[in-house]
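The structure under discussion appears below in the form of structure tokens.
2 protein chains.
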Amino acid sequence: MEYYQLNHSNLIDYLQSLPAVQQRFSSFDNLDVKEINDGNMNFAFVVTNKQDPNQSVFVKQAPPYIKVMGEQWPLTRQRMTAEINALHYQSSVCPEMVPEVYYQSEALSVVIMQNLSKHAILRTELIQARYLPRLAEDLSTFLAETLFYSSGFALSSGDKKAMVSKSCNQDMCQITEDFVFTYPFEHHEMNDYNPALPQSVIDSIQKNPTVRAQVAEMKYIFMNKPEALLHGDLHTGSVMVNEQQTFVIDPEFSFAGPMGFDIGALIANLYINYFSHAHRKSAESVNYSQWLLETIDQLWYKFEEKFLCLWSEHELKQEQTFMGKDLSGDSHQTFRQVFMQQLLNESLGFAACKIIRRILGVAKVADFMQFEDNTLRAKLETQALKMATTILVNRQSFKNIADVNKLAGVISSETVFNV
Amino acid sequence: MEYYQLNHSNLIDYLQSLPAVQQRFSSFDNLDVKEINDGNMNFAFVVTNKQDPNQSVFVKQAPPYIKVMGEQWPLTRQRMTAEINALHYQSSVCPEMVPEVYYQSEALSVVIMQNLSKHAILRTELIQARYLPRLAEDLSTFLAETLFYSSGFALSSGDKKAMVSKSCNQDMCQITEDFVFTYPFEHHEMNDYNPALPQSVIDSIQKNPTVRAQVAEMKYIFMNKPEALLHGDLHTGSVMVNEQQTFVIDPEFSFAGPMGFDIGALIANLYINYFSHAHRKSAESVNYSQWLLETIDQLWYKFEEKFLCLWSEHELKQEQTFMGKDLSGDSHQTFRQVFMQQLLNESLGFAACKIIRRILGVAKVADFMQFEDNTLRAKLETQALKMATTILVNRQSFKNIADVNKLAGVISSETVFNV
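Sequence order for the protein chains is A and B. Our numbering numbers the first residue of the first sequence as 6 and each following residue consecutively. Our numbering numbers the first residue of the second sequence as 6 and each following residue consecutively.
Next up, the structure:
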């Protein structure tokens, strides 16, 4: 089938032609088509049976350009192939946290899936200070399972290389290389600074050779360490939640990359949200800020525990270990500690880059943008930037996440500049 | 063309059918075919015109098994495709150091190339204490050019990913994973220990959790860091020399991997050779040992200088830099230092694994095997193992190669055990 663009007038006919979608609706006579304008890259529609709103599907299609920019910004449809592959992989290891895919077509770059109508975007919930008791538990499961099972600890050497070859997603990686690791640090014309953010604060990053060298190192790791199949854009806008369930969506940036990039993305966005709350002195805000730090703590420790558990179980089952027989009885343990320490360090490095790019780069987050008072926003951004540069430059020396949380607490209570 | 095996009876007919080979010989009436039995993996022949010995070609063919083991040890012919790709890449960036390829066939897994009749294997020359004035200069050029031009500093992000996808060579990588990074460390049945090597020395590696964890870390880097197109087996048996020229041969292990693996392989084999000379007290041996250390020193420094020079020149020409614009004027420099320090550390880690595997693993080297006195051999092996574990465990703290050389000097002058 040749590619064509789905729209309000042809979508229902298309859906009705697909057996996998036919069974989702008792009738196609009274469907409501609503275009969703959240995303920047792709077209998205929710199609609902007006007679029974429980009957609905979510349709996502990648055009051969960046949707919000228009046809003069071409972008290959490779990203939808990557998303389809990622959804299949993720649901094979972690089905309860990935929307069910009903139908996909690489030719049309379309995927038709479960409509998460009873869930809200995590970022929005965090901004509204909602407690989500399952969050750390669920996201740590998602990270542990998706990262472990696509790693060289679980896959054979050959299968791992095949996964890497298949999971390049080069156009989307190029976007990340530019917009996360390069432009925000070089005073690029595409950057967007809060006018109230002092130039000295911007310079303390862009003109700091230590920071710049560390960011370049993280960029190099991003480009040269395909250790697992990542989500690739795991910020709090890519998670949908309610009190009972957590879903991870939108893996269009998925590629074979460093595990710390997914972990760091989540941590970064949780710290960003933390700084948006921690300046408020009400008991509610203090409690919520505390809950956020606990969530970060739990996210890392539960991830670590689950990943190590999967690793041990897998090696026990395979009767074969990555490093070979453990003749002293404590070599496995030593390697696993070294590995986890290294992963924490890289996660912090990536988290730092992700925090900085959300403040100096073009892509902003509502956690900070909600503040109409630019001076207040600049104060919070400055705290977050200080957090980012500190964990970036000292990432080798943090031995646990509790110390990182302590640092966040100290920074949020400091007066970073007079307002 | 379907695969068939070349042998004494069909080789000349085959060569005569190839226009690219026809022009190498004035006549096919008086050719001498000599099978070369140096290699373990592949068949090799030198074909020479008896009337004019300057007319000769080298023919290498990969059978679908390991040659020395026979058909019951199957191995895909992928390795010859990898070798052909590597020879083409290497000669595109460093033509003066790679044998000229006259003809290749993936279908027959055969390559026909320049016969290096006036060159000797570097390992043999080093064992015989021959001075090779061009060695450090040439090998540093080979490393700098092949590693730089296949890295993400030279290739576009997309071309880099395409190179990685194409350069898996998974069967050969599996062999390295097993025989370099696993078996020698776990007391595997395929290992082969010098009977005079004390069990305590073997245990000090195999039962040392710090050493084992560091080796596992190097194995993980080997499997998860496709930063450049490597030779993949760059020991001193893969280099042919005379006083005027240096050639690098046999890239059948070539794959997209960590730069330090090629650098480390050379360094490892030069240190192995060093320990085979340094126990001798004659002025000649003292001088030669000194020359070896100077060669290692020069190899690293010249490599570093050339790599950095290629990097600067490339970025100047492209008017684009890996890390983005340098706003402070010293950020590039800082990143390059960080990068080179990291590369030295990884090179030392890989060198350590390579030294150990040549002593505890199945594949031995003549540098040590030349000694019929097992006790003397065990003494030298123990020195080399001590060197290896020290540089492995402390690889982060070596800031320059001179300190590594100092360590070699100290260890070679110690009595490691009573003989």
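Note that beta-carbon positions come from the ideal geometry of N, C-alpha and C, so glycine has one too.
Next item on the list: Would you verify that the beta carbon of A/Val-343 is, or is not, closer than 9 Å to some beta carbon of chain B?
Entry: yes
Check: Going by beta carbon distance, what residues of the same chain come within less than 8 Å of A/Arg-341, once the five residues before and after it are set aside?
Finding: Leu-313, Trp-316
Check: Within 9 Å (strictly less), CB to CB, does A/Arg-217 reach chain B?
Finding: yes
Margin query: What does the alpha-carbon distance come out to for the pair B/Leu-20 and B/Val-26?
Written below: 6 Å
Margin query: For a test of the three-state rule: what should DSSP assign to A/Thr-251, helix, strand or coil?
Written below: strand
Next item on the list: Can you check DSSP and say which residues form a bridge with B/Glu-40?
Entry: B/Phe-50
Next item on the list: Could you name the residues of the same chain whose beta carbon sits closer than 8 Å to that of B/Ala-407, not counting the 5 residues immediately before and after it, in chain order?
Entry: Asp-302
Next item on the list: Please check if any C-beta of chain A sits within less than 9 Å of the C-beta of B/His-319.
Entry: no
Checklist line | Short-range partners of chain A found in the segment 225-258 of chain B, where Cβ spacing is below 8 Å | finding: Tyr-225, Met-228, Asn-229, Lys-230, Pro-231, Glu-232
Next item on the list: Give a yes or no on whether the minimum CB-CB distance between A/Lys-311 and chain B is below 9 Å.
Entry: no
Check: Does the beta carbon of B/Asn-196 come closer than 9 Å to any beta carbon on chain A?
Finding: no
Next item on the list: Pair every Cβ in the segment 233-253 of chain A with every Cβ in the segment 206-217 of chain A, then say whether three or more of these pairs are closer than 8 Å.
Entry: no
Checklist line | Pick from A/Asn-196, A/Met-245, A/Gly-265, A/Glu-248 that is closest to A/Lys-230, judged by C-alpha positions | finding: A/Gly-265
Check: Apart from the five residues just before and just after B/Gln-109, which ones in its own chain have a Cβ nearer than 6 Å to its Cβ?
Finding: Ile-89, Val-116
Item checked: A/Glu-318 versus A/Phe-308: straight-line alpha-carbon distance, rounded -> 15 Å
Next item on the list: Quick one: residues in its chain with C-beta nearer than 6 Å to the C-beta of B/Ile-226, no 5 flanking neighbours on either side, listed in chain order?
Entry: Pro-263
Next item on the list: Please report the Cβ distance between B/Ala-393 and B/Ala-357, rounded to the nearest whole angstrom; I am assuming they are in contact, meaning their Cβ atoms lie under 8 Å.
Entry: 4 Å
Item checked: Nearest residue (CA-CA) to B/Lys-65, options B/Lys-359, B/Gln-325, B/Ile-17, B/Asn-47 -> B/Asn-47
Notebook entry, point to check: Where does A/Phe-30 sit, in a helix, a strand or coil, going by DSSP?
Noted result: coil
Check: What residues of chain A sit near B/Ser-170, judged by a beta carbon separation below 7 Å?
Finding: Ser-170, Cys-173
Margin query: Checking 9 Å against the spacing of the C-beta atoms, do B/Val-51 and B/Ser-122 come in under that value?
Written below: yes
Note to self: On the DSSP letters alone, give me the boundaries of the alpha helix (DSSP H) that A/Phe-312 sits inside.
What the structure shows: 288-323
Next item on the list: Grab the span of the alpha helix (DSSP H) containing A/Tyr-225 for me, first residue to last.
Entry: 214-229
Check: A/Phe-63 lies in the beta strand (DSSP E); which residues open and close that run?
Finding: 57-66
Next item on the list: Compare the C-beta of A/Met-85 with all C-beta atoms of chain B and state if any pair is closer than 9 Å.
Entry: no
Note to self: So, at 7 Å on beta carbons, what are the nonlocal neighbours of B/Tyr-198 in its own chain, with the 5 sequence-adjacent residues on each side left out?
What the structure shows: Ile-207, Leu-365
Checklist line | Cβ distance (whole Å) where B/Arg-135 is taken to contact B/Ala-371 below 8 Å | finding: About 14 Å separates the two Cβ atoms, so there is no contact after all.
Item checked: Element boundaries [alpha helix (DSSP H), containing A/Gly-265] -> 264-283
Check: Run through DSSP, which three-state label would A/Asn-423 get?
Finding: Because the pLDDT at A/Asn-423 is just 49, under 50, the model does not fix this residue reliably, and the value given afterwards should be weighed accordingly. Coil.
Checklist line | Contacts of A/Cys-178 in chain B (Cβ-Cβ under 8 Å) | finding: Ser-162, Lys-166
Check: Given that a residue counts as buried once 16 or more other Cβ atoms are within 10 Å of its Cβ, and exposed if not, what is A/Val-98?
Finding: buried
Next item on the list: Please confirm if B/Ala-368 has its CB atom under 9 Å from at least one CB of chain A.
Entry: no
Item checked: Length of the line joining the Cα atoms of A/Glu-130 and A/Pro-256 -> 20 Å
Next item on the list: Determine contact between the segment 167-176 of chain A and the segment 277-297 of chain A, defined as no fewer than three beta-carbon pairs at a distance below 8 Å.
Entry: no
Check: With 16 other CB atoms within 10 Å as the buried threshold, where does A/His-337 fall?
Finding: buried
Item checked: Simplified DSSP assignment, three categories, for B/Tyr-198 -> coil
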